[in-house]
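Contents: one structure, followed by commentary.
Number of protein chains: 2
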Amino acid sequence: MTEETNDIEKKVENMTTKNLEEDVVNPWEVASSSDKGVDYDKLIKRFGSSKVDEELIKRIETVTGKPAHHFLKRGVFFSQRDMHQILNLAEQKKPFFLYTGRGPSSEAMHLGHLIPFIFTKWLQEAFDVPLVIQLTDDEKFLWKDLTLEEASRLSFENAKDIIALGFDVEKTFIFSDLEYIAQSPAFYKNMLRTQKLVTYNQVKGIFGFDDSTCIGKISFPSIQAAPSFSSSFPQIFNNKTNIPCLIPCAIDQDPYFRMTRDVAPRLGYIKPALMHSTFFPALQGAQTKMSASDANSSIFLTDTDKQIKTKVTTVNKYAFSGGGTTTEEHKEKGGNCDVDVSYQYLTFFLEDDNRLEEIRKTYTSGELLTGYLKKELIEILQKIIGEHRQRRSQLTDDIVKQFMTPRKLKFDY
Amino acid sequence: MTEETNDIEKKVENMTTKNLEEDVVNPWEVASSSDKGVDYDKLIKRFGSSKVDEELIKRIETVTGKPAHHFLKRGVFFSQRDMHQILNLAEQKKPFFLYTGRGPSSEAMHLGHLIPFIFTKWLQEAFDVPLVIQLTDDEKFLWKDLTLEEASRLSFENAKDIIALGFDVEKTFIFSDLEYIAQSPAFYKNMLRTQKLVTYNQVKGIFGFDDSTCIGKISFPSIQAAPSFSSSFPQIFNNKTNIPCLIPCAIDQDPYFRMTRDVAPRLGYIKPALMHSTFFPALQGAQTKMSASDANSSIFLTDTDKQIKTKVTTVNKYAFSGGGTTTEEHKEKGGNCDVDVSYQYLTFFLEDDNRLEEIRKTYTSGELLTGYLKKELIEILQKIIGEHRQRRSQLTDDIVKQFMTPRKLKFDY
Chain D
1 MTEETNDIEK
11 KVENMTTKNL
21 EEDVVNPWEV
31 ASSSDKGVDY
41 DKLIKRFGSS
51 KVDEELIKRI
61 ETVTGKPAHH
71 FLKRGVFFSQ
81 RDMHQILNLA
91 EQKKPFFLYT
101 GRGPSSEAMH
111 LGHLIPFIFT
121 KWLQEAFDVP
131 LVIQLTDDEK
141 FLWKDLTLEE
151 ASRLSFENAK
161 DIIALGFDVE
171 KTFIFSDLEY
181 IAQSPAFYKN
191 MLRTQKLVTY
201 NQVKGIFGFD
211 DSTCIGKISF
221 PSIQAAPSFS
231 SSFPQIFNNK
241 TNIPCLIPCA
251 IDQDPYFRMT
261 RDVAPRLGYI
271 KPALMHSTFF
281 PALQGAQTKM
291 SASDANSSIF
301 LTDTDKQIKT
311 KVTTVNKYAF
321 SGGGTTTEEH
331 KEKGGNCDVD
341 VSYQYLTFFL
351 EDDNRLEEIR
361 KTYTSGELLT
371 GYLKKELIEI
381 LQKIIGEHRQ
391 RRSQLTDDIV
401 KQFMTPRKLK
411 FDY
Chain P
1 MTEETNDIEK
11 KVENMTTKNL
21 EEDVVNPWEV
31 ASSSDKGVDY
41 DKLIKRFGSS
51 KVDEELIKRI
61 ETVTGKPAHH
71 FLKRGVFFSQ
81 RDMHQILNLA
91 EQKKPFFLYT
101 GRGPSSEAMH
111 LGHLIPFIFT
121 KWLQEAFDVP
131 LVIQLTDDEK
141 FLWKDLTLEE
151 ASRLSFENAK
161 DIIALGFDVE
171 KTFIFSDLEY
181 IAQSPAFYKN
191 MLRTQKLVTY
201 NQVKGIFGFD
211 DSTCIGKISF
221 PSIQAAPSFS
231 SSFPQIFNNK
241 TNIPCLIPCA
251 IDQDPYFRMT
261 RDVAPRLGYI
271 KPALMHSTFF
281 PALQGAQTKM
291 SASDANSSIF
301 LTDTDKQIKT
311 KVTTVNKYAF
321 SGGGTTTEEH
331 KEKGGNCDVD
341 VSYQYLTFFL
351 EDDNRLEEIR
361 KTYTSGELLT
371 GYLKKELIEI
381 LQKIIGEHRQ
391 RRSQLTDDIV
401 KQFMTPRKLK
411 FDY
C-alpha cells in the first residue's frame with residue numbers, strides 16, 4: 001500500500017507546486033485550477049465531447065414523449081458523445097442498452113453516488129431499454145488497502161443500495177467483476193481483445209500511470225471497457241453482438257471511455273455513446289467533490305433523520321451557506337445561491353421547477369431566510385433517504401442474487 | 001501486429017549490433033553470444049539457480065526408489081531451485097504437485113516440445129503426485145497474429161498431443177486459460193493478488209517490455225504465476241491451499257517464476273520449486289533452438305516415417321552432421337559427437353546408456369559411419385512418433401474434455 005499512498009501524495013504535491021494550469025479530472029483525482037470549481041465548458045472542449053444543448057433536450061422529449069429529467073434541464077448531465085445516434089436508434093425502434101457502474105469502496109453510498117443511478121433509471125424507463133451495472137470490486141482491491149473478500153462484500157452491499165432505487169429486475173443485470181469475469185468467457189475475451197490493442201504508452205497518457213504503477217492497474221481499463229460491448233454478455237443479450245451502448249456517468253470516468261471508443265472500431269464494435277454529469281458538491285462547498293472517506297463531507301444513505309438535520313443545519317461547520325451571517329444582514333443583502341450548498345442540493349433533489357425558482361428568487365432577495373431554505377432541504381433529504389432506507393430493508397439476499405444472475409432480460413432483440 | 005513485428009525486429013537488430021555480451025534467454029528469445037551455443041553454467045550463475053549435481057540425482061533415486069531418468073543423468077534437466085525442499089516433503093510423505101505448461105502456438109508440436117512433458121510424466125510417476133498443465137492460449141493471442149478462436153482450437157489440439165504421452169486422467173488436470181480463468185474465481189483472484197504486487201518497472205526489468213508493449217502482455221506474467229499456488233485450483237486440491245509446487249520447464253521460462261517466487265511470500269504462499277531443462281537443438285545445429293515456425297528446423301509429431309527419414313538423412317541440408325564428408329575421411333578422422341545433431345538427438349531419445357556410450361565411442365573413432373548413426377536415430381524417432389500417432393488417433397474429444405474438467409484428483413490431502 002505504501003507505493004499507492006506515495007502515488008497519491010506525489011500527485012497532491014505536484015498539484016500544489018505547479019499551481020494547476022488547468023482542472024485535473026480523471027477517475028482518481030478531481031482538482032480545480034480556480035476557486036470557482038471545475039470549469040465544465042472548458043472540459044467539454046478539452047475532452048472533445050459535446051454540450052447537452054436545448055436542441056438535444058427537446059429531441060429527447062420528442063423521441064421519448066416524456067418531459068426531460070430535471071438533471072437535463074438544470075445542466076447536471078451537461079456533456080455527451082453520440083447522443084443523436086442513440087436518438088436515431090430510438091426513433092427507429094432499434095435496440096440499445098445502458099451501462100453504468102460503481103467502484104464499491106465504502107459500505108455506505110452517499111448522495112453523490114446516487115446521481116448517475118437516478119438518471120440511469122430515468123433513461124431506462126423513458127427509453128425502455130436493458131441496463132447492465134458493473135461493480136468494479138477488482139478495481140477497488142487494486143487501488144485501495146482492501147482484501148478481495150472485503151471488496152466482494154462491499155459489492156453486495158452497494159448492489160442493495162442500487163436496487164433500492166427501484167430498478168426493474170427483469171430489465172437490469174448487476175454484476176461484480178470478481179464474480180462475473182470468472183463466469184464469463186465472453187467478457188474475459190473482450191478484456192483480452194482490448195488489452196492487445198492498448199499500449200502502456202497510451203494508458204500512461206490517458207490515466208497518468210507511471211513506471212511504479214502495478215500491472216493490475218495498468219491492465220484494468222480493459223475491464224471497464226468490456227461492458228460497453230454487448231458481446232460481453234451473451235446471456236443478457238441473447239447472444240446478440242453489437243447492440244449499441246449508452247453510458248451515463250460522471251465526467252471523471254470519461255478517460256476510460258475515450259480509450260474504449262478508440263479501440264471499438266478496431267474490434268469491429270460500435271463506439272459507446274455517453275452522457276456526462278457534473279460532480280455533486282461536498283457539504284463544505286461547491287468547488288469540492290463529495291468524498292466517502294470524509295464522513296462530514298457527505299450525507300450517506302445510512303444517515304438518520306437526525307444526522308441529516310445536523311449536517312445540513314450546522315452552518316459553515318458542515319453545509320456551506322451563501323446566506324447572510326445575521327438575519328438583518330441576510331434581509332438587507334440577500335443570499336448567494338451560486339455558493340450556497342443547500343440551494344445546490346435542492347437543484348439536484350427538488351423536482352418542482354416552479355418551487356425551485358420561487359426559492360431562488362426569495363433567497364436571493366433576502367426574503368427567504370437560510371433556516372427555511374435548509375428546512376426545506378432537510379425535509380426533502382429525510383424523505384428520499386427514509387424511503388430508500390425502507391426499500392433497502394425489504395431487500396432479501398435472494399433478490400440481490402436474482403439481479404446478479406446472468407440471464408436473458410425481458411427484451412426481444 | 002505491426003507493433004509486435006517491429007518489436008521483434010528491433011530486438012534482433014540490437015542483438016546484431018551490440019554483438020551480445022552475454023546469452024539472451026527469456027520466454028520470447030533465446031540467442032547465444034558464442035558459436036558454441038548457450039553457456040548453461042553461466043546461466044545458472046546469472047539466474048541464481050542451482051546445478052542439478054550428482055548428490056541431488058542420487059537423492060532423487062533414494063527418495064523415489066527408482067533409477068534417475070536419463071534426462072537427469074545426461075544434463076538435460078541441469079538447473080533447479082529448492083529441489084531439496086521438495087525431496088524433504090517426499091521423504092516425509094507430505095504432498096506437493098507438479099505444474100508445467102505450453103503456449104499452443106502451432107497445430108503440431110515438435111520433438112522439443114515433448115521434453116518437459118516426458119520428464120514431467122516421469123516425475124509424476126516417480127513421486128506419485130498430482131499435475132496441472134496450463135495451456136496459455138491467451139498468451140499466444142496476445143503475442144501472435146492469432147484470433148481467440150484459433151488460439152482455443154490450438155489448445156485443444158495440443159492437449160491431445162500431451163495426453164497421448166500417457167498421462168493418468170485421474171491425476172492430471174489440463175486447462176486452457178481462455179476456458180479456466182472464466183470458470184474459476186480463485187484463479188482470477190490469485191492473478192489480481194499478483195498484479196497488485198508487481199510494478200511496470202519490475203516486469204520491464206524481468207521481461208524486457210517497453211512503453212509500446214500492449215497492456216495485455218504487461219499483466220500476462222500474473223497468469224503464468226497463478227498455477228504455482230494450489231489455491232488457484234480449489235476443485236483439484238479439495239480446497240487445500242499452500243500445497244507446495246514443483247515446476248519442470250525449459251530454462252527460458254525461469255523469468256516468470258523468478259517473479260512468482262518474489263511475490264509468493266508476500267501473499268503468504270510457498271515459493272514454487274523448479275527444474276530447468278536445456279534447449280532441444282534444431283536440426284540445423286546445436287547452437288539453435290527448434291522453431292515451430294520453420295518446418296525444416298524441427299521434427300513434428302505429425303511427420304510421417306518418410307518425412308522423419310528425409311529430415312534426418314539429408315545431411316547438412318537438414319540435420320547437421322559431425323561426421324566426415326567422405327567415408328574415407330570419416331574412417332580416418334572420426335566423427336564429432338559434440339556438434340552432430342543426430343547424436344545429440346540420441347542423447348534425448350535413446351534410453352539405453354550402454355548403447356549410447358558404444359555409439360559415442362565408435363562414432364568418435366570413425367568405426368561407426370554417419371549413415372548407421374542416422375539409421376539408428378531414424379528408427380527410434382519413427383517408433384516414438386509412430387506410437388504417439390497411434391495413441392493420439394485413439395483419443396476421443398470426450399477423453400480430452402475429461403482431462404480438462406476441473407475436478408478432485410485421485411489424492412488424499
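Top to bottom, those sequences are chains D and P. Position one of the first sequence corresponds to residue 1 (UniProt numbering), numbered consecutively onward. Position one of the second sequence corresponds to residue 1 (UniProt numbering), numbered consecutively onward. Positions of the beta carbon are idealized from the N, C-alpha and C atoms, including for glycine. From a predicted model like this one, the values you see are computed outputs, not experimental measurements.
Straight-line gap, residue i to residue j (C-alpha atoms, nearest Å)
| i | j | result |
| --- | --- | --- |
| P:D82 | P:Q124 | 17 Å |
| P:R407 | D:T310 | 57 Å |
| D:P255 | D:K410 | 32 Å |
| D:E4 | D:G208 | At D:E4, the pLDDT of 34 sits below 50, so the modelled position is not reliable; the number obtained from the coordinates is stated separately. Their Cα atoms are separated by approximately 13 Å. |
| D:E332 | D:E22 | 37 Å |
| P:S106 | P:N296 | 14 Å |
| P:P116 | P:F229 | 20 Å |
| P:G386 | P:Q344 | 21 Å |
| D:K84 | D:E91 | Reading the sequence as shown, one finds His at residue 84 of chain D and not Lys. D:H84 and D:E91: Cα-Cα distance of roughly 10 Å. |
| P:T314 | D:R261 | 55 Å |
| P:F141 | P:C214 | 12 Å |
| D:P227 | P:M404 | 28 Å |
| D:T362 | D:Y269 | 52 Å |
| D:G205 | P:D145 | 26 Å |
| P:S79 | D:R266 | 44 Å |
| D:L43 | D:Y413 | 37 Å |
| D:F237 | D:Q224 | 19 Å |
| D:K240 | D:N88 | 20 Å |
| D:S222 | D:V263 | 10 Å |
| P:S50 | P:E328 | 45 Å |
CB of residue i within 8 Å of CB of residue j, strictly
| i | j | result |
| --- | --- | --- |
| D:V25 | D:T278 | no |
| P:V129 | P:F167 | no |
| D:G334 | D:G366 | yes |
| P:L301 | P:P272 | no |
| P:L356 | P:L377 | no |
| D:D252 | D:P27 | yes |
| D:T100 | D:T120 | yes |
| D:K73 | D:I57 | yes |
| D:L178 | D:S152 | yes |
| D:K196 | P:G103 | no |
| P:H70 | P:D397 | no |
| D:V400 | D:K171 | no |
| D:L381 | D:H330 | no |
| P:I174 | P:I133 | yes |
| D:F220 | D:E139 | yes |
| P:L154 | P:I118 | no |
| D:T64 | D:F127 | yes |
| D:V203 | D:P281 | no |
Problem set entry | Within 9 Å of chain D by C-beta, residues of the segment 207–221 of chain P in sequence order | F209, D210, D211, S212, T213, C214, I215, G216, K217, I218, S219, F220 and P221
For this session: Return the chain-ordered ranges of every beta strand (DSSP E) run that is complete within the segment 117–150 of chain D and spans a minimum of 3 residues.
Result: 131–135
Exercise. Which residues, in chain order, does the segment 181–202 of chain P contribute to contact with chain D at a C-beta distance below 9 Å?
Worked result: I181, A182, Q183, S184, P185, A186, F187, Y188, K189, M191, L192, R193, T194, Q195, K196, L197, V198, T199, Y200, N201 and Q202
For this session: Would you list, in sequence order, the uninterrupted beta strand (DSSP E) runs of no fewer than 3 residues that lie entirely inside the segment 294–378 of chain D?
Result: none
Problem set entry | Interfacial residues, the segment 123–155 of chain D to chain P, with Cβ spacing under 8 Å | D138, F141, L142 and L148
For this session: Compile a chain-ordered list of the residues in the segment 161–180 of chain P whose CB is closer than 8 Å to at least one CB of chain D.
Result: L178 and E179
For this session: Jot down the residue ranges of each uninterrupted beta strand (DSSP E) in the segment 202–265 of chain P, minimum 3 residues, whole runs only, in chain order.
Result: 245–250
For this session: Specify whether the segment 219–233 of chain D and the segment 181–188 of chain D touch according to this definition: at least 3 beta carbon pairs, one from each stretch, less than 8 Å apart.
Result: yes
Exercise. In chain order, which continuous runs of the alpha helix (DSSP H) of length 4 or greater are located wholly inside the segment 159–194 of chain D?
Worked result: 177–180
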